[in-house]
Structures are given as C-alpha cells and as structure tokens.
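Enquirer: Heads up, this note's numbering is the position in the sequence shown plus 34, with the first residue counted as 1. A virtual CB, placed ideally from N, CA and C, is assigned to each residue, including glycine. Only a predicted model underlies this, so the values are computations on that prediction, with no experimental measurement involved.
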Amino acid sequence: MGVFSYTAEEISAIKKYAADHICPHYMSNADLDEGPKVYVKSEGNYVYDIEGRRYLDSFASILTTICGHNNMDIIDAICEQIKVLDFFPNFGDHYCLPMVELSQKLAKISPKGLTSYFYVNSGSEANETAIKAARAYHVECGEPERYKLIHRAGSYHGTTVAVTAATGLPWFKEKYEPIWNPGMLQAPPADCNHCDFGYNDSSTCGLACLKATEQLIIDNDPKTISAFIMDPLPGSNSGYPVAPQAYMTGIRELCDKYGILLIFDEIQSGFGKSGEWFVADHYNVSPDFLTLSKALTNGYIPLGVCMMQQKIYDKFRTGKSEFRSGSTFGGHNVACRAAIATIDYIEKHDLIARGRELSAYIYKGLDKLMEKHPIFLRTQGMGMMYSLELTAKKGEFVPFEKPGTVGAFINRYCYEKEQAIIRNNCYRGCDIVVFCPALTFTFEDADKLISALDNAFTAAEKEFNVQ
Ligand SMILES: Cc1ncc(COP(=O)(O)O)c(C=O)c1O
C-alpha cells in the first residue's frame, strides 16, 4: 500500500488508535484531543504527513538529521553493515569492528584527551554513564566520599531518573518529587540576557554566576562533590544562551581546583551544529567527559556515547577496578556504522563550513525580521541553533499576559499555514521560538523558513496586539 493511499476513514481510525493506545513522549493532551499528527515519508529537508502534506523540517527531527533525510550514503552504509554482521553485543571483552573504527574517528574530531569511549543507546544513558563513571573513578582513586553532583538551573539532561533529577527545569521533574537525588546541587546558569543577579552586561558583572558556583561548592564540602554536569550551550528549552568565555574557563578552573570532574553534555549542541564539531571547541575547554547522541547517526539508529579522558578509563583497566555498567544494545554495530558514515558525509561535503555560511545567511534574514516586527526582540544561539525571543512591547523585554500562548500561536501558524516545523518554549516567563535546520538546508529552504516566521509574526502581532 502506498504511503498516501489511505482513505479519510482509515486515517481517522489510525489517529484514534494512536491517541487512545500509544503514549507519546512528553505528551500534550491539548494537542492529542485536537487530533494527532502521523508522518509517513521523508525527503531531503522535508517530511510528509499521512494526508500527503509536505513540511519543512526546520528542527531537524529534534536536532538529529543534520545531514538531511533519506541520505543514501548513510542508509547504504547501514544496509551493508547489517548484511555483513547484524549484531553482537559489547560485553566483557567483545567488540565489533565498527565500534573500533568509530572510536578512532571520534578521537580525531573531539576535544583534547577524550580518547576513551563507552557506547549506549541514547543521550540520557550517556549522561547516566558519565555520572556513574565519575563516581566510580573517585572510588577507585580512594575518594569514596565524593558522590554529589552539580547541575545548572535551566539545563535538560534527559529522561531517566538520575538525569531527570539533574535537570534544572522544574516542569520535567515536579510530578516525580521527591525524586531520587541524594547530593544534587543546583548552580545558576550563565544566562546574560536573563541574569539571576540582575546584571545585563557580562563585561561589568564580575561573573556573579561563576562566583555563586564557587560559593555553592564551598558551602557543600568540596571533597564530597563528584562531578559537575553542564550543557556548555543550554538547549532549546532555555533558549540557547551563550556563556562568556571567562565563565567557561572559570568553570574548568573551579573543577580542577576542587577535584571535581567536568561533564559536558553536548547531546543537543554537539556534532557540527554550532559551527565547530563541538561547543567545547569554541571555548577551547576540554571536559573530563563529553556526552553525545542525537545527530551522531544522523538520527537514523539510536546511539549515544560517553567520551572520557584516557586517565579515567585507564583507572578502570587495572585489577578489580572494572567499571560496572552495560546494556544489551549499547554501541550496536549497525549504529556505529551509521555514525561513521555520518562523520564521513559531514567531512566529504564540508558541512560544518556550509552550516556557518547558512547561519550567516539566516541571521541576515532574522535581522530584517527584527527591524520589521515589534514582537521579535532578539536572537540567541550558536551556528544553526537559533532562539528568537518574543516581547509584548517593542524594544524591551515585557512578558506576555499568559506566557507560552504567543509562542504556541506562532508554532501552530507555521505548522498549519506555512507547513514549516519549528518549536516554541516558555523559559523564565519568556516566550521563545526555536529551530535548528539541517546543515543540508538550501538557501531556498532558509528563505521559506524566514518567510514563514515573517507571516507568523504579523499574525501574532495582530492577535496579541503588539506594537
Ligand atoms: C542537552 C540534552 N541532554 C540529554 C538529552 C537526552 O537525550 P535522549 O533524548 O537521547 O535520551 C537531550 C535530549 O533532548 C538533550 O537535549
């Protein structure tokens, strides 16, 4: 049966079954009640729904398909691999060849010293692994009292229990409180446009957020702290605020000073989207762990990795100090082959440079929109990750009466009227619109996205009376 050959009756039966029986991730009852959306086909930078409508995938299927959909170089590599060796698990002393080849490739592109790897199935598991490995490392180093974990307000680190506890966005964990979180400490973010300390200029604030982080460490007995998990570019939930260089250098120094291991969660921000392979590269800071997933296989097969400084794995390689963690499918060899093909594709087509060029083009379009639209206050982000901040009053940040509604209006307008997929969020009372096009976006796709936003802003200004 062709993907578009369903009758209207069949389509409504499929949708009813889905809404009645399949619980979506981070579900939305309001949207489900209006009728779910079902996708049947992808093509380049577009996806098609079951009704045959074509949508511009401007969020790269939640920041995964950065080399575009239906990328035959990657698909062929997957098909070839599964025919040669379908699966054998990575337990005890067993490896599959693609995992070795992938590790050697990652070593060439990742920040200094991150030359050992633990493969998993998702971003959440990669972060869980880093948290476990940090703790296990301290135990092996004779510091078993180090168990506490610092995370930052505004950060998302995943869906399993420990990383839900380490997520600094209350919405994700409030239904599970008291969530398992012994020794969980929360540091302030470096969010200069919405500073916790009331500053609005990072050159004169004296890095209050960094100072508060050191005070948090001192107040909580530094010798009991195991690790600091942070997303060096916080994600779409909190509008991609870019931290000053001195903050990031300062965090590395603080961790070194107090013997705390630094975990960079680059699950969302890593792998070419920022204009470099990693956000860590922009800051020239090497963490002790770097976690990665999402775009690692261009979204085609689940895979995550926890990269470690060599000294950490070396510690586990002596005597009885083995690291006890594992999952059946972690580092599936077909997924590793997909990751190799993704790196090869990015390199062969110079996609990181292309992303930089596209980003400059998109920012020109956004600048024009900012001049034209009173509702559009400013942009934040890096490379191809964009957050547009909305305001109820031209030229300054004024929250909307019902935060979240205007972003949702714009999101819906883009989807229904413009057939462009974007996202909206509400962070600290501020409505934001976020998107992250694939590195394979064409200039024409970028124009379509800017025009969709232009029309959506015009409609929102009218609807919410913004002048
Ligand atoms: C920064 C960050 N960390 C962790 C995760 C969790 O990854 P996953 O959904 O693959 O478990 C995400 C997912 O969106 C993320 O953006």
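What residue from M61, D83 and I96 has the CA that sits closest to E450's CA?
Expert: Within the sequence shown, the letter at position 416 stands for residue 450. Of the candidates M61, D83 and I96, the one whose C-alpha sits nearest the C-alpha of E450 is D83.
Enquirer: Taking 6 Å as the line, does the beta carbon of Q502 fall inside it for any heavy atom of ligand 1?
Expert: The shown model of the chain, from 35 to 501, leaves out residue 502, and the question about it has no answer.
Enquirer: Going by other Cβ atoms of all chains shown within 10 Å of its Cβ, with 16 needed for buried, is A94 buried or exposed?
Expert: Here residue 94 corresponds to residue number 60 of the sequence shown, with the count starting at 1. A94 is buried by the Cβ-count criterion.
Enquirer: Do you know offhand how far L203's Cα is from Y190's?
Expert: The residue labelled residue 203 in the question sits at position 169 within the sequence shown. The residue labelled residue 190 in the question sits at position 156 within the sequence shown. About 7 Å.
Enquirer: By the 10 Å Cβ neighbour count, where 16 or more other Cβ atoms means buried, how is E452 classified, buried or exposed?
Expert: Walking along the sequence shown from the start, residue 452 turns up at place 418. Looking at its Cβ environment, which holds 16 or more other Cβ atoms inside 10 Å, E452 is buried.
Enquirer: Three or more beta-carbon pairs under 8 Å between the stretch 331 to 345 and the stretch 88 to 108, yes or no?
Expert: Short answer: they touch.
Enquirer: Ignore the nearest five residues each way along the sequence and tell me which others in G86's own chain have a CB closer than 8 Å to its CB.
Expert: For the purposes of this step, residue 86 is identified with residue 52 of the sequence shown, where counting begins at 1. If we look at G86 and ignore the five residues flanking it on each side, its Cβ neighbours are F38.
Enquirer: Please identify the residue among C448, D107, C243 and G360 whose C-alpha is closest to the C-alpha of H128.
Expert: Numbered from its first residue, the sequence shown carries residue 128 at position 94. When each option's Cα is compared against that of H128, the closest is G360.
Enquirer: Please tell me whether, using a cut-off of 6 Å, the distance from the CB of Y190 to the nearest non-hydrogen atom of ligand 1 is below it.
Expert: Residue numbering aside, residue 190 sits at position 156 when the sequence shown is read from its first letter. In this structure, Y190 has its beta carbon less than 6 Å from a heavy atom of ligand 1.
Enquirer: Report back the beta-carbon spacing between H316 and S327 to the nearest angstrom; my notes put them in contact at under 8 Å.
Expert: Mapped onto the sequence shown, residue 316 falls at position 282. Mapped onto the sequence shown, residue 327 falls at position 293. Taking the Cβ atoms as the reference, H316 lies roughly 20 Å from S327, outside the contact range of under 8 Å.
Enquirer: Identify the residues that DSSP records as bridge partners of S421: which are they?
Expert: Locating residue 421 in the sequence shown gives position 387, counting from the first residue. Paired residue(s): Q414 and V468.
Enquirer: Where does A373 land, buried or exposed, given buried means 16+ other C-beta within 10 angstroms?
Expert: Along the sequence shown, read from residue 1 onward, the residue named residue 373 stands at position 339. The residue is buried, with at least 16 neighbouring Cβ atoms inside 10 Å.
Enquirer: Suppose only complete runs of 4+ residues qualify. What are the alpha helix (DSSP H) ranges in the stretch 285 to 345, listed by chain order?
Expert: Correct list: 313 to 317.
Enquirer: Taking its Cβ as the centre, do 16 or more other Cβ atoms sit within 10 Å of S158, making it buried, or is it exposed?
Expert: Here the question's residue 158 lines up with position 124 in the sequence shown. When all chains shown are included, S158 counts as buried.
Enquirer: Which runs of the alpha helix (DSSP H), 4 residues or longer, sit entirely within the stretch 438 to 483?
Expert: 439 to 452
Enquirer: CB of S95 to nearest heavy atom of ligand 1: below 6 Å?
Expert: As a first step, residue 95 is located in the sequence shown; it is residue number 61 there, counting from the start. No, the Cβ of S95 stays beyond 6 Å of every heavy atom of ligand 1.
Enquirer: At a threshold of 6 Å, does S421 count as lining ligand 1 (C-beta to nearest heavy atom)?
Expert: Position 387 of the sequence shown, counting from 1, holds the residue named residue 421. Every heavy atom of ligand 1 is 6 Å or more from the Cβ of S421, so no.
Enquirer: If we count the other Cβ atoms within 10 Å of its Cβ and call it buried at 16 or more, is D110 buried or exposed?
Expert: Residue mapping note: residue 110 aligns to position 76 of the sequence shown, counting from 1. Of the other Cβ atoms in all chains shown, fewer than 16 fall within 10 Å of the Cβ of D110; this residue is therefore exposed.
Enquirer: How many Å lie between C370 and F363 at the Cα?
Expert: Within the sequence shown, the letter at position 336 stands for residue 370. Within the sequence shown, the letter at position 329 stands for residue 363. Going from the Cα of C370 to the Cα of F363 covers about 11 Å.
Enquirer: For D290, is the classification buried or exposed, using 16 other Cβ atoms within 10 angstroms of its Cβ as the cut-off for buried?
Expert: For this step, residue 290 is matched to residue 256 along the sequence shown. Exposed: under 16 other Cβ atoms inside 10 Å.
Enquirer: Per DSSP, what are the beta-bridge partners of H103 in this structure?
Expert: Reading the sequence shown from its first residue, position 69 is the one you call residue 103. G78.
Enquirer: Between G306, Q302, I297 and V319, which lies nearest to G284 when the distance is taken from Cα to Cα?
Expert: For the purposes of this step, residue 284 is identified with residue 250 of the sequence shown, where counting begins at 1. Considering only alpha carbons, the answer is V319.
Enquirer: Reducing DSSP to helix, strand and coil, say where E200 ends up.
Expert: Within the sequence shown, residue 200 is the residue found at index 166, counting from 1. Per the sequence presented here, residue 200 reads as Ala, with Glu not at that position. DSSP places A200 in coil when its eight states are reduced to three.
Enquirer: DSSP three-state label for E174, please.
Expert: Counted from its first residue, the sequence shown places residue 174 at position 140. Helix, per DSSP.
Enquirer: Going along the chain, which residues of its own chain have a beta-carbon closer than 7 Å to the beta-carbon of I112, five neighbours each way excluded?
Expert: Mapped onto the sequence shown, residue 112 falls at position 78. These residues qualify, in order along the chain: Y334, I335, V368, R371 and A372.
Enquirer: In chain order, what residues of the same chain lie with their CB nearer than 6 Å to the CB of Q302, ignoring the 5 residues before and after it?
Expert: Translated into positions along the sequence shown, residue 302 becomes position 268. Answer for Q302: L97 and G269, listed in chain order.
Enquirer: Under the three-state reduction of DSSP, which class applies to S189: helix, strand or coil?
Expert: Residue mapping note: residue 189 aligns to position 155 of the sequence shown, counting from 1. S189 falls in the coil class under three-state DSSP.
Enquirer: Taking DSSP as the reference, what is the three-state secondary structure of E405?
Expert: Locating residue 405 in the sequence shown gives position 371, counting from the first residue. Here E405 sits in helix by DSSP.
Enquirer: What separation, rounded to the nearest whole angstrom, lies between the Cα atoms of K436 and K398?
Expert: Walking along the sequence shown from the start, residue 436 turns up at place 402. Walking along the sequence shown from the start, residue 398 turns up at place 364. Spanning the two alpha carbons is a distance of roughly 30 Å.
Enquirer: Please find out if some non-hydrogen atom of ligand 1 comes closer than 6 Å to the beta-carbon of S272.
Expert: For the purposes of this step, residue 272 is taken as the residue at position 238 of the sequence shown. With a cutoff of 6 Å, S272 does not count as near ligand 1, since its C-beta is closer than that to no heavy atom of the ligand.
Enquirer: Let's see if you can read the secondary structure: which residues bound the alpha helix (DSSP H) around M133?
Expert: Walking along the sequence shown from the start, residue 133 turns up at place 99. M133 -> alpha helix (DSSP H) spans L131 to I143.
Enquirer: So, does the CB of Y379 fall closer than 7 Å to a CB anywhere in chain B?
Expert: In the displayed structure, chain B is absent; only one protein chain is listed.
Enquirer: Hey, how far is the Cα of V195 from the Cα of F206?
Expert: Sequence index remark: in the sequence shown, residue 195 carries index 161 (1-based). Sequence index remark: in the sequence shown, residue 206 carries index 172 (1-based). If you draw a straight line from the Cα of V195 to the Cα of F206, it comes to about 11 Å.
Enquirer: For A221, I'd like the list of residues in its chain whose CB is within less than 6 Å of its CB, leaving aside the five on either flank, ordered along the chain.
Expert: Within the sequence shown, the letter at position 187 stands for residue 221. Within the same chain, A221 has close Cβ partners I184, R186, T247 and L250.
Enquirer: Spatial neighbours of C460 within its chain, please: C-beta separation below 8 Å, excluding the five flanking residues on both sides.
Expert: As a first step, residue 460 is located in the sequence shown; it is residue number 426 there, counting from the start. Same-chain partners within the cutoff: P437, G438, G441 and I466.
Enquirer: Count the other CB atoms, across all protein chains shown, that sit within 10 Å of the CB of F262; report buried if there are 16 or more and exposed otherwise.
Expert: Position 228 of the sequence shown, counting from 1, holds the residue named residue 262. With 16 or more other Cβ atoms from the protein chains shown falling within 10 Å of its own Cβ, F262 counts as buried.
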